[in-house]
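Asker: Add 1 to a position in the sequence shown, counting from 1, and you land on the number used in the working numbering.
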Amino acid sequence: MKHAYLTLFIAVLSLVTGTKVLAYDCEVNGIYYYRISATELEVANKVFSDQNRTAYSGAVTIPSTVTYNGKTFTVVSIGDYAFRDCSALTSVTIPNTVRDIKSFAFYNCTQISNINLPSSIVSIGPGAFEGCSAISEMMVPAGVPAIEPETFYGCSAMKTVVLPSSISSVGAEAFARCASLISIYCLAETAPQCEENPFDKVDRTWCTLYVTKGVPSYKSDAIWSEFFTEEIDASNIPLIGVAEK
């Protein structure tokens with residue numbers, strides 16, 4: 002199933018864009034954008050090709066607003082493949098105006114070790130952080146309803162992840178090949194539904210699942226019950242990389 006979503010996405014994009022090389026509408030201070038409404042911008046992929054790996058490097062700060070041709074826009078989204086294959090990218094600061102991180106936005110950004118997601122984010126697309134092999138921890142914002150397929154596939158250095166109470170499902174291979182994962186904090190009062198192989202190659206005998214006290218549904222779930230489980234008070238949930246609210 003690996004890369005099924007990636008392959009489908011590329012095929013659809015090819016049909017839509019044809020031979021178009023440019024994948025942005027404007028560039029301001031080294032960051033590329035789509036215009037998605039009269040007042041809003043989305044961080045864009047520079048070009049839909051391997052050349053995008055040179056588009057961004059080092060530490061990048063996404064602004065909350067951008068002025069272009071005399072008009073000010075709010076940055077509300079990080080688009081499909083926006084930072085794809087940018088292997089020299091070391092960190093990204095995301096403003097609290099951003100609502101969506103779309104499919105494969107940070108695909109194969111192998112040098113990003115930590116990334117803070119602001120509480121404004123309500124959607125993270127499939128494969129968004131796939132192949133980010135240096136990320137060590139992740140706190141998913143409270144408004145995100147699902148972990149989509151392959152979202153964290155191959156995040157091989159990830160040790161700890163915190164899933165908020167809003168999470169109702171975990172997609173296929175969402176955490177596959179996260180071989181260093183040793184702590185999952187899941188705050189949902191009902192065990193999230195899991196698709197095919199969400200934790201493939203994760204050692205469930207060593208990875209501890211932390212759930213809030215008095216939530217029995219994890220013990221009866223076919224996948225969650227495979228983890229070593231501990232019940233904790235909500236006050237003991239770690240605050241990982243909490244961005245400005």
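A virtual CB, placed ideally from N, CA and C, is assigned to each residue, including glycine. Predicted model, so just to flag it, every value in this text is computed and none were measured.
1) When burial is assigned at 16 or more other CB atoms within 10 Å of the CB, is Asp81 buried or exposed?
2) Can you list, in chain order, the residues of its chain with a C-beta nearer than 8 angstroms to that of Ile37? Leave out the 5 residues immediately preceding and following it.
3) Per DSSP, what kind of secondary structure is Ser167 in: helix, strand or coil?
4) Specify the secondary structure class of Thr213 as computed by DSSP and reduced to three states.
5) Which runs of the beta strand (DSSP E) at least 3 residues long sit entirely within the segment 30-84? Give them in chain order.
6) Grab the span of the beta strand (DSSP E) containing Leu90 for me, first residue to last.
7) Judging by CA-CA distance, which residue of Ala173, Tyr211, Glu197 is the nearest neighbour of Leu188?
8) Suppose you measure from the CA of Phe304 to the CA of Met139; what does that come to, to the nearest Å?
9) Could you give the first and the last residue of the continuous beta strand (DSSP E) run that contains Met139?
10) Return yes when the Cβ of Ile113 is within less than 8 angstroms of the Cβ of Ile63, no when it is not.
Answerer: Looking at the atomic coordinates:
1) buried
2) Glu43, Val77, Ser78
3) coil
4) strand
5) DSSP runs (the beta strand (DSSP E)) wholly in the segment 30-84: 32-36, 41-44, 59-62, 66-69, 72-79.
6) 90-94
7) Tyr211
8) Residue 304 is absent from the structure shown; the chain starts at 2 and stops at 246.
9) 138-140
10) no
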